[in-house]
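S.K.:
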Amino acid sequence: MADLNQLRHEIDTINQQLEQLLIQRFNLVTEVGNLKQTTQLPVCDPQREAEILAQVGQADPSLKEPLQQVFKTIMAQSRALERQ
Ligand SMILES: O=C(O)C(=O)C[C@]1(C(=O)O)C=C[C@@H](O)C=C1
Numbered sequence: 001m002a003d004l005n006q007l008r009h010e011i012d013t014i015n016q017q018l019e020q021l022l023i024q025r026f027n028l029v030t031e032v033g034n035l036k037q038t039t040q041l042p043v044c045d046p047q048r049e050a051e052i053l054a055q056v057g058q059a060d061p062s063l064k065e066p067l068q069q070v071f072k073t074i075m076a077q078s079r080a081l082e083r084q
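In UniProt numbering, the protein residues as written are 1 to 84.
#1: The alpha helix (DSSP H) that contains G76, what's its start and end?
#2: Does the stretch 2-16 touch the stretch 48-66, meaning 3 or more C-beta pairs lie closer than 8 Å?
#3: Can you name, in chain order, every residue of its own chain whose Cβ lies under 6 Å from the Cβ of L67, other than the five neighbours on each side?
#4: Return helix, strand or coil for P61, following the three-state DSSP convention.
#5: Using the three-state DSSP reduction, which class does P46 fall into: helix, strand or coil?
#6: In the DSSP assignment, the alpha helix (DSSP H) including L41 goes from what residue to what residue?
#7: Write down the C-beta distance between K36 and V43 rounded to the nearest angstrom, noting that I regard them as a contact closer than 8 Å.
This is the structure:
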């Protein structure tokens, strides 16, 4: 069995990868927000969010619930960024 330090090292590596991906996503969302402001589209698009949530969890259905919670939080933060 891997020891605690080894497991935490792997978690730290994944945290760094997640952070980089989230930065990329938030940057794209900011662009979407600017586009929506110019074209006077509403920030919130419930249909798009439902489509994203329907995809989430397909790779591992046993983790669907926690994955959906994470993505709901990501999209809520994305909406907040778009409104800044
Ligand atoms: O795709 C959009 O229209 C976005 O604004 C991005 C995003 C997202 O985070 O994926 C955020 C807010 C919308 O409600 C839908 C999706």
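Glycine residues also receive a C-beta, built at the ideal position from the N, C-alpha and C atoms.
M.R.: Considering the structure as presented:
#1: Just to set this straight, residue 76 is Ala in the shown sequence, not Gly. Counting along the chain, the alpha helix (DSSP H) containing A76 begins and ends at K64 to R83.
#2: no
#3: V56 and G57
#4: helix
#5: helix
#6: Careful: L41 lies outside any alpha helix (DSSP H) and carries neither H nor E.
#7: 6 Å
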